[in-house]
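Asks:
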Amino acid sequence: MSGQTIIVVGAGAAALSFAAAMPPSFEVMVMTKESVYDSNSTLAQGGIASSKLPHDSTFAHAEDTLYAGCGHNHIETVNGAIEDGHRLVEELIDQNFPFDADEDGKLRLGKEGAHSVNRILHAGGDATGRMLIRHLIGRLGSHVVLKEHETAVDLWIENDRCAGVWTKDSRGNVSLRKADYIVLAAGGCGNLFQMHTNNRSVTSDGLSLAYRAGAELTDLEFVQFHPTLLVKNGRAHGLVSEAVRGEGAILIDENDRRVMEEIHPLKDLAPRDIVSRAIHEKLAAGTRVFLDIRNIRDFRMRFPTISSLCEKAGVLIEDGRLPVSPGMHFLMGGVSVNKWGETSVPNLFVIGEAACTGFHGANRLASNSLLECLVFGKRAAERIQKRKKPAFLSGKASDPEDMTFDVPLVNMKAIQKKMTDHVSIVRTADELLKVKNWLEQMPVQKLNVKEITKEELNLAHLWQTAKLMTASALLRTESRGGHFRSDYPSIDDENWKGKQIIHSKGSIKVRENEGIVNYAEAQA
Ligand code: SIN
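With mature numbering (1 follows the signal peptide of the UniProt record, and there is no 0) applied, the sequence shown corresponds to residues -19 to -1, 1 to 505, in that order.
1) So what does DSSP say about Gly219, is it helix, strand or coil?
2) I'd like to check one pair, Met10 with Gly(-10): are the Cβ atoms closer than 9 Å?
3) Put Met(-19) into one of helix, strand or coil per three-state DSSP.
4) Going along the chain, which unbroken runs of the alpha helix (DSSP H) with 4 or more residues stay wholly within the segment 58 to 125?
5) Look at the Cβ atom of Ala230, then the Cβ atom of Leu329, and state whether they are nearer than 9 Å.
6) Do you know offhand how far Gln397's Cα is from Leu173's?
7) Suppose contacts are defined by Cβ-Cβ distances below 9 Å. Is Gly342 in contact with Gly145 by that definition?
8) Could you pull the start and end residues of the alpha helix (DSSP H) that Ala361 belongs to?
9) Can you name the start and end residues of the beta strand (DSSP E) that Arg425 belongs to?
10) Using a threshold of 9 Å, state whether the C-beta atoms of Val326 and Ile101 are closer than that.
11) Does the beta-carbon of Val225 have 16 or more other beta-carbons within 10 angstroms, so that it is buried, or is it exposed?
12) Among Ala294, Ser375 and Ser460, which has the Cα closest to the Cα of Gly215?
13) Compute the Euclidean distance between the alpha carbons of Ser20 and Gly94, then round it to the nearest angstrom.
14) Is the CB-CB distance between Leu264 and Val256 below 9 Å?
15) Can the beta-carbon of Leu355 be found closer than 9 Å to that of Ala(-6)?
16) Whole angstroms is fine: what's the gap from Phe357's alpha carbon to His55's?
17) Less than 8 Å between the CB of Glu57 and some heavy atom of the ligand SIN, yes or no?
18) Could you give the first and the last residue of the continuous beta strand (DSSP E) run that contains Pro285?
19) Using the beta-carbon count (16 or more within 10 Å), is Phe40 buried or exposed?
20) Which full runs of the beta strand (DSSP E) of 3+ residues lie inside the segment 260 to 343, going along the chain?
21) Of the residues Asn476, Thr458, Lys478 and Glu475, which one's Cα is nearest the Cα of Tyr469?
22) From which residue to which residue does the beta strand (DSSP E) around Gln397 run?
23) What is the rounded straight-line gap between the Cα of Ile260 and the Cα of Arg302?
24) Should Lys369 be labelled buried (16 or more other beta-carbon atoms within 10 Å of its own) or exposed?
25) Which residues in the same chain have their Cβ closer than 8 Å to the Cβ of Met112, if we skip the five residues on either side of it in sequence?
26) In terms of residue numbering, what span does the alpha helix (DSSP H) encompassing Lys415 cover?
27) Flag Arg89 as yes when its Cβ comes closer than 8 Å to any non-hydrogen atom of the ligand SIN, and as no otherwise.
28) Any heavy atom of the ligand SIN closer than 8 Å to the CB of Glu243?
29) From this set, His36, Pro304 and Arg466, which residue's C-alpha is nearest Glu235's C-alpha?
30) For Arg345, is the beta carbon positioned less than 8 Å from some heavy atom of the ligand SIN?
31) For Glu323, count neighbouring C-beta atoms within 10 Å of its own C-beta (all shown protein chains included) and say buried if the count is 16 or more, exposed if not.
32) Kindly list the residues whose CB is nearer than 8 Å to the CB of Pro424, restricted to its own chain and excluding five residues on each side of it in sequence; keep chain order.
33) Less than 6 Å between C-beta atoms, sequence neighbours within five positions excluded: which residues of the same chain meet that for Arg408?
34) Would the C-beta of Leu201 count as close to the ligand SIN, meaning under 8 Å from any of its heavy atoms?
35) Between which two residues does the alpha helix (DSSP H) carrying Gln205 extend?
36) What do you reckon, are the CB atoms on Ile287 and Asp107 nearer than 9 Å?
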């Protein structure tokens, strides 16, 4: 028996794929501050990208990933993740995961933005994430405990290594849960913006906890805005999957003119940053934008989740035009990790959206995120199994009353408004600088672990991430993927190729990463 203990913070696809891969000789606790179904993975409509057609290949999938990623992907990570992902998709098929198939059992492969062929596997039409979470929960052994409604408040660092988590339950009881390894899988930071596709609980906890513990964070300027959120009366009502455009829907303005006509050769299926900017410009010019779904047959059957979102929002599918707007969807950056999910803090792993693996580059290719969750969840599990049990720590835990958080004296809505107005799809130095100063000079109150509420903690995490993201966006004087500066509107390979902006322990620096290649180099 290994007798080792692991705490996983978060309960999305990365967390559960990790937990499902750990053998019974380990005690695993999967902890989430909400319910096990509150995650971005549960909301994932798209699917899992995997080359399955005879004329498709790992190479073609990698090429599309690199093209979308705008010369900022780590080439070995891309190839390795796609190859491992291929095997894991086969495993899911062997486990009878219900990928959508025709009556004769042939898998139905969809297409999404920037994919050169149909290679997206989905389940339940547009409910892949929800079905994957259910499937993974069903595969957990009795050595895995699911602890819902318990919040990870801070990491416990002892002798320079991560050795536990301070937590708070729904009654306010604070505990120190010691463990041999901590795996953060707490998602991205969608709630930094007014319109987003994320679960309401996704407040960059993983990034912020790791940063407090001394880990390096990188690529935070690369934020993916999904082009098509369903909007009604100025509010977002959820995602309209890119798979809808993959089935033939087109973007039109109020006058029925095609939005993407002369913008990109892939038109409505161009990379997301390009489509989002085109829609953003139309909206800024005062016209509304719609997704014309009139040529999709059996829309309700193919897209049950989106049909139900439309019904709830009071949008009539029969009208054939869904009102849409871009919104925050995914953070390409995160805690810097190696191919196993290891961070710069010993015994601290980060997987899923909270991590920056180099797979997505400056802009993630559609349906590569559940794939990344499966691959890195499994790899982190394999790595830990090969490690020796860490030495026993006799250290005395600090008093929770001595551990404090700076909580800004504004509400979340004020931060969301500033980030949406000035740090989103189009950025400039002037506006970034104003927001940076506003965030940094904000009055704060100091609250200790016992006093702080869940809402105050969420706010502290988001504020911390907003500061780092804004500083990165100001420093990168070029436009690339999910980072567009109208004052530096082109890719600047001469000054920025292969460079990453790193935050650690209060400092910011630029570092070269030799593994990063651009599309042309990968083809050569
Ligand atoms: C979508 O369905 O459009 C989103 C899928 C993804 O983000 O990968």
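Where a beta carbon is used, it is the ideal one built from N, C-alpha and C, also for glycine.
Model, not experiment: these values are computed from the prediction.
Replies: Reading it off the structure:
1) strand
2) no
3) Residue placement at Met(-19) is flagged as unreliable, the pLDDT there being 48, under the threshold of 50; the coordinate-derived value follows with that caveat. In the structure shown, Met(-19) sits in coil (DSSP, three-state: anything other than H, G, I, E or B).
4) 109 to 119
5) no
6) 5 Å
7) no
8) Ser350 to Lys367
9) The residue asked about is misnamed: residue 425 is Val in this sequence, not Arg. From DSSP, the beta strand (DSSP E) with Val425 extends over Val425 to Asn429.
10) no
11) buried
12) Ala294
13) 23 Å
14) no
15) yes
16) 15 Å
17) no
18) No beta strand (DSSP E) holds Pro285; the alpha helix (DSSP H) holding it covers Pro285 to Ala294.
19) exposed
20) 270 to 273, 302 to 312, 315 to 317 and 329 to 331
21) Thr458
22) Gln397 -> not in any beta strand (DSSP E); alpha helix (DSSP H) instead, spanning Met393 to His403.
23) 15 Å
24) exposed
25) Phe78, Pro79, Ala104 and Gly105
26) Ala410 to Glu421
27) no
28) no
29) Pro304
30) yes
31) buried
32) Pro389 and Leu390
33) Ala454 and Arg466
34) no
35) No alpha helix (DSSP H) contains Gln205, which is instead part of the beta strand (DSSP E) from Val204 to Lys213.
36) yes
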